[in-house]
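As structure tokens, the structure follows; a few thoughts come after it.
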Amino acid sequence: MNRLAILGASGHGKVVADTALVCGWRQIDFFDDAWPARLENGHWNVVGNSAELLLRLDAYDGVFIAIGNNMIRLAKLRELEEVGAKIVSLIHPSAVISQFSSIDVGSLVLAGVVVNVDAVIGRGVILNTGCSVDHDCVLGDGVHLSPGSRLAGGVHVGKLAWVGIGACVRQSLKIGDSVIVGAGAAVVADVPDELTVVGVPARKFSRS
Numbered sequence: 001m002n003r004l005a006i007l008g009a010s011g012h013g014k015v016v017a018d019t020a021l022v023c024g025w026r027q028i029d030f031f032d033d034a035w036p037a038r039l040e041n042g043h044w045n046v047v048g049n050s051a052e053l054l055l056r057l058d059a060y061d062g063v064f065i066a067i068g069n070n071m072i073r074l075a076k077l078r079e080l081e082e083v084g085a086k087i088v089s090l091i092h093p094s095a096v097i098s099q100f101s102s103i104d105v106g107s108l109v110l111a112g113v114v115v116n117v118d119a120v121i122g123r124g125v126i127l128n129t130g131c132s133v134d135h136d137c138v139l140g141d142g143v144h145l146s147p148g149s150r151l152a153g154g155v156h157v158g159k160l161a162w163v164g165i166g167a168c169v170r171q172s173l174k175i176g177d178s179v180i181v182g183a184g185a186a187v188v189a190d191v192p193d194e195l196t197v198v199g200v201p202a203r204k205f206s207r208s
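For the sequence shown, UniProt numbering gives the first residue as 1, with consecutive numbering after it.
Dropping the structure here:
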């Protein structure tokens, strides 16, 4: 683990880079489409844009996509895989991960996360600081669990879903594809695809 390229120079990218350091990556470079107007991301250099990254893949031992938008992150992961990029996952050493769970490529597991037995984590997933995924949960590709969110046992979360900070989901429920669960929500019933739910208990969000 020598040279890591990170696509996406943002605050989230800083957390990714910090995690990469404690995972043993020694040199970290950012790529972002704001380059060359943006040359730094906190303690790290921004050395090119996404097109430049495609030209320099052979210079890196690993590539990670640090983009918060679920759809864009997953699309970039697929694009980079198609051209042979060495996509990696990053798992903070303070995370508690069951030996009987599985975490697919391009996923991020941050400090204080717990993933319990027989949980299945998809591709390009973000398990943000201090969230927990209990036994037998299944998370689709491109999911983001925000800091402090909680999934009880047997929850299925569809692809590209986002669970807000501090939200909780009762056991054995199904959260559909592209669902948004608001911050602090308590989900006590299944949520169909593409719905936004908020509140305690969580209900469909209406702008009217």
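The beta-carbon is built from N, C-alpha and C at its ideal position, and this holds for glycine as well.
Note that the structure is a prediction, hence the values are computed from the model and not measured.
In this structure the region 86 to 105 does not lie against the region 155 to 169, because fewer than three pairs of beta carbons, one per stretch, are closer than 8 Å. Restricting attention to VAL143, ASP136, VAL138, VAL115, the CA atom closest to the CA of GLY124 is found in VAL143. Relative to GLU52, the option among GLY42, PRO36, ASN41 whose CA is nearest is PRO36.
Here ILE28 carries a strand assignment [DSSP, helix/strand/coil]. Per DSSP, ARG38 lies in no beta strand (DSSP E) segment and is marked neither H nor E. Of the candidates ILE28, CYS131, ALA95, the residue whose Cα lies closest to the Cα of LYS14 is ILE28. Per the C-alpha coordinates, the member of HIS12, GLY106, ASN45 positioned closest to ARG78 is GLY106. Straight through space, the alpha carbons of SER172 and HIS12 are spaced by roughly 30 Å. Where VAL46 is concerned, the enclosing beta strand (DSSP E) starts and stops at 44 to 48. In the structure shown, ALA167 adopts coil according to DSSP, grouped into three states. Straight through space, the alpha carbons of GLY48 and CYS168 are spaced by roughly 39 Å.
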